[in-house]
Each structure stands twice: as C-alpha cells, then as structure tokens.
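Per full-length UniProt numbering, the sequence shown starts with residue 1, numbered consecutively. Quick reminder that beta carbons are idealized off the backbone N, C-alpha and C, glycines included. On a predicted model such as this, the values are computed, not experimentally measured, just so you know. Heads up, the thing below is written out as structure tokens.
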Amino acid sequence: MPFVNRFFLNENGGAIFTGNTLGLSRSDTVGVPGTVDAIGAFTTTNTALTFGTYPAGTTGNYLLNSSSAVLVLPPVATVIYAELIWGGTYINGGVNLSAAIDNAVGFQTPAGTFSVTPASATAQTVVLSQGTQAYVRSAEVTSIVAAAGAGTYATNSVVGTIVIPEPSSNHAGWTLAVFYHDPAAPLRNLSLRVGATVIQATSGPVDTVITGFATPFTGPLDGRAQISAQEGDANKTGDRFLFGSTPGTLIALFGPNNFVNNFFASQINKSDGTLDTSGTFGSRNQINGSPGSNIIGGRQGWDITDVSISNTLINNETSAVFRLTTNGDGYLVDAIGIEIDIVEPLLHLTKSANQAATVIGDIVTYTVTIDNTSIISATAVEFFDNEIDGANFVPGTVRVNGVQLPNADPTMGVPIGSIAPNTSVIVMFDEVVVSLPAPPELRNQATAAFTFVPTPGAPPISTVVPSNIVEIPVFLPLIKVHKAADLTNAMIGDMITYTLTITNIGNIDTTGIVTDPLPAGTAFVAGTVSVNGVSQPGDNPNVGIDIGVLNLFQSTTIQYQLLVTSIPPNNIVHNAFGTAFEVILPDHRRIPGFIVSNPVDIPVSSPMLTPVKSANLPSAVVGDVVTYSINVTNNNAAALTAVSLTDNVPAGSSFVPDSATVGGVPVPGASPITGIPIGTLPAGATVIVTFQIVVNALPDPAELTDQAMVTFTSGSLTTSSHSNTVTIPVVQPGISLVKRAGVDTASVGDVVNYSVTVSNTGNIALGAVVFDPLNAYSSFVPGSVRIDGTLSPAASPLAGIAVGPIPPSDAVVVSYNVLIIAASPSQFYTDQANATFTYTPPGQSPVTSTTTSNIVNVRDPLFMLEAVKSVSHTSVMIGDTITYTISITNIGTADSLNTVVTDTPTPGGAIVPGSTKVGGVPVNGDVLAGLNIGTVPAGATVVVTFDVSINLDPPPLGFIDDYATVSFTSGGITQTAVSNIVEVIVTEPTVVATKRALPPFAFVGDVIQYVSTVTNNGHYNADATWFDNLPEGTSFVENSVTLNGFSIPGANRFTGTLLGTILPQITNVITFQLRVEFYPPSGVLVNQGNMLLVFLLPDGRTFTERIFTNVVTVPVLAPPTIVKSASVTEVLVGGTVTFAVNVTNPGNTPFDKAVLHDSLPEGLSFVDNSVTVAGRPVPGANPASGIPIGFIGANSSVTVAFEAKAIREPHNLIAVNTANMTFEYVAPNGQRVPGVVQSNPVTVLINEEEE
C-alpha cells in the first residue's frame, strides 16, 4: 500500500528510530533454535520464561512476547512527534490470527505502562506468498514519549507466528519513530511515512515521490533516511534502497551496517547506522554481509537503520524519489523517515484555532496566516489543509482576506495567487467535530505550494511548506449506567435490593445526580441507601443522589431497597434510573447530559399459586435434550380455574413437539410457547407439568435461562404467578488437530520433526491424549517429544502424549521426531495423528470423545523414479510462451514399464500444439491427459518438454502452479512418482483510471477540481506518469496537483506528473485544478487524462503501456443577455411608449422559470393587457409583479413587449427604466441553478403638452 504521510514539518531538530525484533531464528524442529531465516520463538523481557531449548527470555505465546530498546535523544531535545509501528506475520502455515491484529499492544516507557490502540489510517495487510500474510499497525504516541523522554522502551503482545513448517516468513517486531526539536540542530525538513510495501523480485520495484523540501541554492548538502522493515534476511542478497532526484538519477544507499546489495539483513542499528546492542538479546545478531550468515537463535526478521542520503541530493532540489527493489531477498518496509537540511523558506504559515477544547458538534474556525518574509514574490500560491480525523469541513466557509469563496475546499486546494514580499494573506475556514478521533484530538496542519525565482534569470522553483501543527483535544462526556436486582421474581411483602452502577467511560471527569422513580406497587425503604458500600441514610433515589465527581474509568455503585406492597400493573415491577451529568471543559464551558439505564422488570406473583421450576440436567451439551418440570401448587382456599402454563423457550434451543405432560399425562399438540392447559386446580393441590427442549446451538451467553408463568382465574380475578428462574450452563466441546512436518521431503535415514497443534475451539476446558501410530516406514525417536517447546522425554506418540487441561481458545503444540527407516512404495510418507479428549460439563461426569488431524505427506525425492520439473521463465506476461522441462530419472535397479507422464497446471496457460518433445524429438500425445513414454531403463533419464502460452489475464491467483505425475509399472506393481511444484508469476498489471469533476458545471472565472482514481487490479507494480489535456477556455492552476492528499508542487499534468509506483490492489487519488477563462466555443469543457505505465520485469525486460480515463465533460453556463429598447425617446403626457426586452440565451444550457421584472419609473403607468411574449398576448401579466417567460432553449431568443402611458412629467422630465430577469439554469445533470440578470437602462423624455 502507498505510504501514508504521518508527519511533515520544517524544524530545527532531527529523527531517531529505535525498536527491536520479537523473535529469534528457528530450526526445522519446534522449540529448537537454528539458522533458518524465520523466527521459531518469541522474545520476552521476562527471563523466567523459556521456550524449548531457546535461551531464557523466550516464549511460544505471542501474548507474552516483548522486547526492549533504548531511545537516545540529544541533551536539550524535546519530542515533537512519535509513532509506534508494529507488525509481523498473522496468517502462515495454517495459523490464522486475523481476529487479533487490531488488538491494542502494551507499551512500556520510562514513565509508565500504556495500552496503545492501532490507528485505522495506517492499518494494512499484505500477501508475502501463497498462504502467508503480514500486517502493519501503528499509532501516534507523541504525548506518551514526550512525557517520558529518553530511556528504555518496550512493546509487548504483538501478533506474530512461529509455526513450523512455513516459507521462512515468521516474524514480529516494533519500531518507535521519534522526531525532536533541538535548537542546536540545523533547520530541517522532517517527514514520516508509514505503510506496508512488499518488495519482491516477482513484483517489481516501488518508487515513491517525496516533496516539501528545498535544499540550499549553493554549498554543502546533508540529509538522512531512517528505515524500518520486516523480513529482511542476512543470508540472502539482492535487496536495495535507492534515493535520487529522479528515477534516472537514483543512487544505491549504504551505511556502516547496511550493504548495497543486502540492505535489509535483520539488523537493528543506531542513529549513526552502527549496530545497536542495547535492547533485548542485543548480543545475538545475525552476521551481516553480502551475503551474511545466520547464527543459531539470532535476532531475526526486523530491520531498523539510519543512513546518509547526502550524496544523492543536489542544490535547489524540491523533490526526490526513493526506490525499494530486489532481485533476490524479499522484504516489507513499514516506515521511512526523511530529514533534509533546508534553507529558510520564503513563506511561513502560522495556524491557529478559535477553540482550545471541543466536543462533538462544535464548530472550529481555523485561521492560517501566510507571511512572505523574503524579498522575492511567491507566485501561484495554492493553499491546502488536510482532512481532519474526527471533523468535517463546513462547505462555503473559506475566506481569503475576509472574502468568502463559496465553492472552495481546503482539502482540494484554494488558489491564492501571488504574495508580494513583506505581505501576508489570511485564510480562514470552519470544521465541525463529528466523532471522537484516536487519539482524542483534532490534529491539523496546513500547507502552501508556491513558485519563486531565486535570482533574476534563474529557472523558477516550486515547493511546498507546512504550517505548525494545531492540536485541539476532543472531549467525550459519556457515562455508562447499569441496573440490576437481587430478585428475578417477587411476591407481595418481598424486599428487592437494587444495584445501580455508574461508570465514566468518557475522557473527562464528570459529576452526576442519580434519580430513580418509585415504580407502582412498591415503597422505598428509608435508610437503605449505600454509595460505594458506605451507608447514606438520608439519601433517597426518588429525590436524587449526588454521586460527586467521577474520574476517568471510575465507577460508583449505589444500592437501595424497595418493598413490594401490592400487585403492580401487568404484574411487573418496571424500573429504570436516570443520571443527569455535567462536565466542565478546559475552556470553562459546561456540557450537560442525561442517560437512562436499562430497565429491570421483576414479575410479582400472586400468593394464591406457586410454580416451582427445575431441570433434569445441571448443565447441557449442544445436542442434549433437557426436561423441565414445574410443580404448580394452589395455595388458595378455593379451586383455581383456567390454569395455563406458558414458557418462552430460551435462545439456542427449541421445544420438542408432543413432549408436554400434565400430571404425568401427555398433552399432544400442547406447547409451552402458546400455553399448556392445566384446567382447574383444586384448593391445596399440586400438579407437575413437564416438557422438553433440545439444545440446538451455543447461546450467547452460554446458558439457558428460563422462567415459567402460570395464569389462572379466581372468582372474577384473572392473574398470574411466575416460577423461579432456572439457568443451565451450555457447553460445546471442540478440538482441532493440525499436523505439520518440519520438512517437505525426506529419504531413508532422515529425521522428520512432526508437530501437532491441539486447539480448544469449544467453550469448556478439556484434556487430550495425542496419538500417532506412524506409517510402516517410520520409527519414533525416543526422548524427542516436546509439549509447547518443553522436553517430555518419557512421552511417546505411540502410547499417547497427554496434554491439558487446555482452556477455551487456547492451544498446545506437541512435537516429536521420526526416523525414516524404509522407502515408501508410494513415494510419500503419509501420516495422521488422532486424539482422545475429555471434558467435564458442570455437575456431570466426564465425557470422552475422539478426533483426527489432517493428513501430512512428506515426499521421498529418492523414489525409484525421480521427476524434476523446471521452467524456462519464472516470471511472464500475457502472451509470453514458456517451456516446461520434466526430467525423469530411474534411480532404481529395475526398468519402469508403461511410463506415463501427466502434467497438472492451475489455470492461466495453454499448451502450444505440436510442442511436446521426448528426448528432443517431437511426439504426438497430450501431456495433460497422460503421455506414454514407454520404458525408462534403470539408471536412465528421459526428458519431456512442452511449451505453454500464457493466455489468461490475469490468472485467478496471479501465478500458475504446475507439477507432473509419472505412473509406471515395476515388478508387476503400478506406482506413481510426483515432481516438485513449479510456480510461474504472471506479472502484467491491470490498471484502471477513472475521472470526475467538481462541480459538475461551471461559470467563467470558476475553478474546477478534477479528481482521478488509479487502481492497479493486477499483480505487478507499475511506475506511472500522468498526463492531461487542457480544454479550450481554461488555464491550469499552478501548484494545484496532489497525490493521495499531498501536494506535488511544480507538477504539470500537461507535461507529465510522476506518480511513482502504482502497487497491486491499491487505489491512488490524483487531483488538480483548471480555471475557466472564457466561454468555450462548444459551451462544454472536454477533458481526459492518460497515464504512461512502465513495467520493469524480473527478467530485465521493460514494458510500457498507455491507458486513458473516461472522458469528463463540464458544461460552462453562460448567462442570458437582455437588451431593452423603447419605441420613442420622447413622449407627451397622455401618450404611450412601447418597451421591448430582447432575451437571448447564447449558450448550450437552457433556462427555465424565466420571469421578467420591470418597475416603471415616475411619470409612466403600465397599460393593462398590453404584454406580449414572442408576439403572443399574455392577458393579466404585469411587469411590476413579473412577466412569466418560462423555458428558453439553448441558442435562442425571445422578445417581451408591453406598453406604458405617460401620466405626468417626472421631476427631472426624464424617465429611466431597466428590467431584470430571474431564471434557473438547467444543467445537463438536471440540477437547477438560480440566476438573475439586468438589462441596459432606457431613457424617455416626458413633456406636458403645450397650450
């Protein structure tokens, strides 16, 4: 995924990365350290823990992992920004920890311990290889690190994997990126980018454009890059990090502990680039080199370094490119910091806000003052302000020097123009707080892109400068309330104890008053109130209880009692309490609130009848049948009639039809849901009602909670009684066995380490005994059993390995070694484990069951026939042709007869007809259906080749897997050999670009915002340069181009804008602005972007392609013209004048609802019924109230005429008259835009007639 800009500032200071891995390198045996370039144990700062034969301070549980690192700051430095970045593998080797990667991690600082929740803005997951995925998470921790300062930091509970086998990808680690102010340091451009960019030889290099700095015009240059990466390996090469002004001037970076061709090598370095040995296991480091080598149990899978980029910089530079690439070792970069020494910028941006504290719903006015403190003008200034997490821009609120710009949006860019030396521009806009961000503050920064000419005759330079960062805390006044009672049903005379819990779950202290109204049928018991266990005899919840101040996450508990005095309405005591609360913000505003608790309903039963409910099982397992019994007793002196029992069957279960009985007699068709009829119950009598339910699924919570209700009639009174509540815990046992082999291939004499992961997938603890009968060709190695890495020398999978108890959602890993003692006739050593497991439902006897694992196959490469498959190219494009080669060698002592070769590919290619050869000789036959090559003599090799054309765009998985099987007969026995799998990467990207314009129409003078999205739907990286045409009637707004929300100053879409690398499955957003200068001849602005894609393939080939966006049309709305004329220029009193108004629509957009208005001046009076529109009379129309014209088509005209009578001389003898017209533009999208235009003035001289 493209890097996310997290921090950007010009400051006297610098950057420091520190951190550590969370794992040590493994062997092929669970719990045993080795030199494989993947971790097999997690590190921990708890040295009391040990995993297997790893050193003390290791664990097999990621929840217990941790590691430390030391942050070293300059003596007077102050922290201005800090970000914690962590990640690792979360899907690997059959392990899937997707549910845990968004969990908070622990963060220990010199000042204390904190829980850090990941930010959604940087949360990313990536595919490392088939079946293996990694993730990156990060969070801003500025306030935490600023308060703690220099010292030892640690991070714990980071998700990672240590599974065996896997494609050497297991890893986990963390990085702390810190930016600081130091008055003794040079002025530097500081920036941080966080992402999850996977670099593999099969996916191509990744280029990233950086801007926002300006190196000195002359003199020495200095800059450094800080990098955090995952999955770099010391023993593999090809991984490089390059930096330069353009893609054509890139220079490979290196450092004291970073090799040019092995830049990422599982090395934790200090800020000077040398090895950092201060953190956890700091002395256990892989040996660096090109290539290097791994030590047994070395720090693995995490890189942190700091290298110079000074030799890549040039004077007067305002943008650069860094490239991540490899032709061998794959890796993942999760953070890059850049610090470049710069000159004092021309423009200084100072940002402020009118609020010091906010709550949701507040409107914040931001003010940004752009000062030009130089002696040079800044031209083409474009103002930007990034989107604020937790707030939305309020449209129409942008003001520049007090002038409102209704259509401007600072996230898209606001054109400012030029700013002369020693002058300033003030930009203001509003944001409304809509949600609580994480962390809870509005963090905001503005930027300004501009162009300047440093010296007369010099070429112009474009750059972007940031403002200061404004942080406004967002407070959430919020409490959680809960009500509970000690009784689930009651009778008259019972005392109910209520417990009220009030918890401050907001982020600011609050005060509150609790009120609890008295429900019908009850009376408050005076003196029973207690607050947090302390008696408050004078308090009464009906009046209100003051709970005082609740600090963050503090709870207050109130208890009191009510006496049930009578049967309430509906036989239910219904009660809920309310809490009025108030917070005082730092700006002294008081914010009130009110919240109502959950209601508590307690059935009140009549004393005349008592139902008592019970169940035949103390607990239940999913699938069990439970029998409920209800003893219904008539306590009345007379018989009760119309007695009926109802029972809402609990969630997770269903009623067993026809299971109801009354007094032992079945009642067919009766159901407790609709009511089981009991009939008449004599005085003092008891009847037993039973029915059954079946547990269908595990309810949430995991229990069946049930209560019966019996309705009855006594005389004229119909009422009810409720039984006690019966709660039955429900358990659902579950166990899974996942078996793995430490190697894919093995032969006679080899030792294979098997592991079985025993996972409790149920909700009850269980114990298990793991068995592995082994195949006939393998023998258990005594003393090799390990349970969660701990040696259990007496255990054996043949007799059973006891593990547990295993809590729900937990797992135990059992591993053991097996010696291959004989060759398998099938070429595969097939093995499967099984287990018996036992659990004890509450109140019941233990239950035992069994399960089996998956089947594991280990291939014998020294089978009688050895099939080895290869391919001419491992990376291809659509249309390429590749050649597969299958070498079949008979390493046995007898000939193989009737030998048939069959090829099995995944979709993506087609065999080229006539290309199949055996021993170089063309043959007929279909290798997909099976190609008979006859006899392969003992000791001989037969080579089969065939060509495949890559024809599927793209293959479903982005690659084609292919293997061969060879069936044959030897000694009268038919056998089959299987080759290795060959993977071919299909590298052609599929890039799609779409475009839209905002707004969908425009007027002359307007600025149009174009937004383009570019998505790579393929599986390969593509470097992209964007081009765009300039529609007639527009001009390009300089410095308006942005890429993924970040300004690209100086970029011009018409000469090409380098976007960097478009990664697979990622969308990039490019914006720019055009200004409408004049009405285009067609009345429509037609625009289309295009992109030049360059693919650098793994085999060195370069491929280019140009793609186009959709065509975007923006109609330019042209206002109508209205020309007014009069039939005469002079008139005598008593005479008439005919006024004509010619309305012309010069554009391609029609008008509707046009109404002409004309208020006649002094001396003239309208002549009734004189109005005509397009020559047609309009009776009753009057220009003073408006003459309806209606619809005016594109490029058409209409004339409105009416008469006026001269009734007297005006004061100055001249009557001056104008008309105006209101109307609506009818845009092509159907939207209507109101408009108004005014005519020219017309004068008429009015005279009295001379006698």
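Between residue 1004 and residue 1114, the C-beta spacing is not below 8 angstroms. Taking C-alpha positions only, residue 1092 is separated from residue 1105 by approximately 6 angstroms.
For the segment 196-272, the continuous beta strand (DSSP E) assignments of 3+ residues that do not extend past its boundaries occur at 206-211, 223-230 and 239-244, in sequence order. A direct Cα-Cα distance of roughly 15 angstroms separates residue 295 from residue 302. Residue 171 counts as buried, since no fewer than 16 other beta carbons sit within 10 angstroms of its beta carbon. In terms of Cα proximity to residue 160, the closest of 463, 190, 105 and 1211 is 105.
Taking the Cα positions, residue 260 is about 22 angstroms away from residue 1060. The alpha carbon of residue 1231 has as its nearest neighbour, out of 673, 1134 and 1001, the alpha carbon of 1001.
No residue range can be given for residue 784, since it is assigned to no alpha helix (DSSP H) and is classified by DSSP as neither H nor E. In the DSSP annotation of this structure, the continuous segment of the beta strand (DSSP E) that includes residue 676 starts and ends at 676-681. Rounded to the nearest whole angstrom, the CA to CA distance from residue 162 to residue 169 is 9 angstroms. Annotation for residue 143: the continuous alpha helix (DSSP H) segment containing it runs 142-148. DSSP places residue 905 within a strand segment (E or B) once states are collapsed to three. Using a Cβ distance threshold of 8 angstroms, residue 41 and residue 51 count as a contacting pair.
For the options 993, 125, 708 and 746, the alpha carbon positioned closest to that of residue 1111 is the one of 993.
Residue 777 carries a coil assignment under DSSP once its states are collapsed to helix, strand and coil. Between the alpha carbons of residue 138 and residue 174 lies a distance of about 9 angstroms. In its chain, beyond the 5 residues on either side, 942 and 943 have a beta carbon closer than 7 angstroms to the beta carbon of residue 919. Taking 8 angstroms as the upper bound for CB-CB distance, residue 434 and residue 391 are in contact here, some 6 angstroms apart. Nearest to residue 373 by alpha-carbon distance, out of 415, 228, 425 and 335, is 425. For residue 1063, the CB contacts under 8 angstroms within the same chain, skipping 5 residues up- and downstream, are 1, 2, 197, 206, 1016 and 1021 in chain order. Counting along the chain, the unbroken beta strand (DSSP E) around residue 641 starts and ends at 640-647. If you draw a straight line from the Cα of residue 1225 to the Cα of residue 1155, it comes to about 13 angstroms. Judged by DSSP in its simplified three-state form, residue 310 adopts helix. Cα atoms of residue 1071 and residue 996: separation of roughly 10 angstroms, rounded to the nearest angstrom. Taken through DSSP and simplified to helix, strand or coil, residue 62 comes out as helix. Secondary structure note for residue 482: its beta strand (DSSP E) is the uninterrupted segment 479-485.
A Cβ-Cβ separation of about 5 angstroms places residue 69 in contact with residue 19 under the 8 angstroms criterion. For residue 1157, the CB contacts under 6 angstroms within the same chain, skipping 5 residues up- and downstream, are 1186 and 1220 in chain order.
Residue 505 sits exposed, since fewer than 16 C-beta atoms from the chains shown fall within 10 Å of its C-beta. When secondary structure is reduced to three states using DSSP, residue 99 falls in the helix class.
Only residues of its own chain outside the window of five on either side were considered, and among them 202, 875 and 959 have a CB closer than 6 angstroms to the CB of residue 985, listed in chain order. When DSSP states are grouped into helix, strand and coil, residue 53 belongs to the coil group. Contact annotation: residue 572 and residue 500 have beta-carbon atoms that are not nearer than 8 angstroms. For residue 335, the secondary structure class from DSSP, reduced to helix, strand or coil, is strand.
In the three-state reduction of the DSSP assignment, residue 569 falls in the helix class.
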